[in-house]
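S.K.:
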Amino acid sequence: MVFNWLFGNKQRDAQFAQWVEAGAKQSHPGLLAALNGPTVPLGILSVPSGKMVIQDPADQLLDPCFDELVPSGNYPVDAVVVNNQGDQRIAALRVTVTDGEIDHFEPAWTELWRGLTIKRKELPWISVDSATVGLFSFESLLAYLSANPDELDAGPNADYLSGKPNDLFKETKFADGSNMFLATSGYGDGGYQCYWAKTADRKQVALIADFGLLGKPDRIDFN
5 MVFNWLFGNK QRDAQFAQWV EAGAKQSHPG LLAALNGPTV PLGILSVPSG KMVIQDPADQ
65 LLDPCFDELV PSGNYPVDAV VVNNQGDQRI AALRVTVTDG EIDHFEPAWT ELWRGLTIKR
125 KELPWISVDS ATVGLFSFES LLAYLSANPD ELDAGPNADY LSGKPNDLFK ETKFADGSNM
185 FLATSGYGDG GYQCYWAKTA DRKQVALIAD FGLLGKPDRI DFN
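This is the structure in structure tokens:
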């Protein structure tokens, strides 16, 4: 029985590794429906290097960029805002890369998480301890980390009962031309997943930060 248990675990580990290597595809009906509905435009993110980062801005650490790059350019950013008896929360952030029909979602990995995923048998997530996330290009993250705190405006006004979506996010522009967005993260602190929304042939449609208010994803071809 012990041999069967060990063999079964090794077989499942191998299947998990194969699933990850194939992109760890997932469906997410709640997120997809929300992205296809009304959203709140936040602005345009400039991404000269093609590298993007989503992290807790309070960390003041240079977390690794997502290891999938986008073409150098400017990309629209919008948010899914949900309401609960007048209480507004950002359920998801989206950076649209190109037009296309979303077929599935794949985890947005950093180089660090690429190595950890198989070892831990855990998909990547971002840690938020300030109830706020920052959406950066690599350039704007460097500008943010080197800026004098007095030069930075206050973060989002976490007044969820204001009825104004603008209280949930803000944009900051830097002297080098880069910019970033801060946004409140769902119900606050926690571990949240980021995804690449992709077409059936795995072309990027958007980068998504999911704050866990729209249901859970389902793994495709792996249980």
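Residue numbering for the sequence shown follows the numbering used here, starting at 5 and increasing by one per position.
Just so you know, even glycine gets a beta-carbon here, dropped at the ideal spot from N, CA and C.
Do Leu218 and Ala95 have their C-beta atoms within less than 7 Å of each other?
M.R.: Numbered from its first residue, the sequence shown carries residue 218 at position 214. Numbered from its first residue, the sequence shown carries residue 95 at position 91. Yes, Cβ-Cβ distance for Leu218 and Ala95 is below 7 Å.
S.K.: Within this structure, are the beta carbons of Ala135 and Phe178 separated by less than 7 Å?
M.R.: What you label residue 135 is simply residue 131 of the sequence shown in a count that begins at 1. What you label residue 178 is simply residue 174 of the sequence shown in a count that begins at 1. No; because the gap between Cβ atoms is not below 7 Å, this pair is not in contact.
S.K.: For the beta strand (DSSP E) that Phe142 lies in, which residues bound it at each end?
M.R.: Translated into the one-based positions of the sequence shown, residue 142 becomes position 138. Looking at the DSSP string, Phe142 is not in any beta strand (DSSP E); the run it does join, the alpha helix (DSSP H), is Phe142 to Ser150.
S.K.: Hey, out of Val137, Pro128 and Ala210, whose CA is closest to Asp103's CA?
M.R.: As a working note, residue 103 is residue 99 in the sequence shown. If we check each option's Cα against that of Asp103, Ala210 comes out closest.
S.K.: Closest to Arg206 by CA distance: which of Gln22, Ala26 and Met184 is it?
M.R.: Counting from one through the sequence shown, the residue named residue 206 turns up at place 202. The shortest C-alpha separation from Arg206 is found at Ala26.
S.K.: Going along the chain, which unbroken runs of the alpha helix (DSSP H) with 4 or more residues stay wholly within the segment 30-67?
M.R.: List check, alpha helix (DSSP H) in window: 33-39.
S.K.: Could you name each continuous beta strand (DSSP E) segment of 3 residues or more that falls completely within the segment 67-113, going from the start of the chain to the end?
M.R.: For the segment 67-113, whole beta strand (DSSP E) runs of length 3 or above, ordered along the chain, are 77-88, 91-100 and 108-111.
S.K.: Kindly indicate which three-state DSSP category Phe20 falls into: helix, strand or coil?
M.R.: For this step, residue 20 is matched to residue 16 along the sequence shown. Helix, per DSSP.
S.K.: Can you tell me whether Asp91 is buried or exposed? The criterion is at least 16 other CB atoms within 10 Å of its CB, across all chains shown.
M.R.: Translated into the one-based positions of the sequence shown, residue 91 becomes position 87. Its Cβ having fewer than 16 others within 10 Å, Asp91 is exposed.
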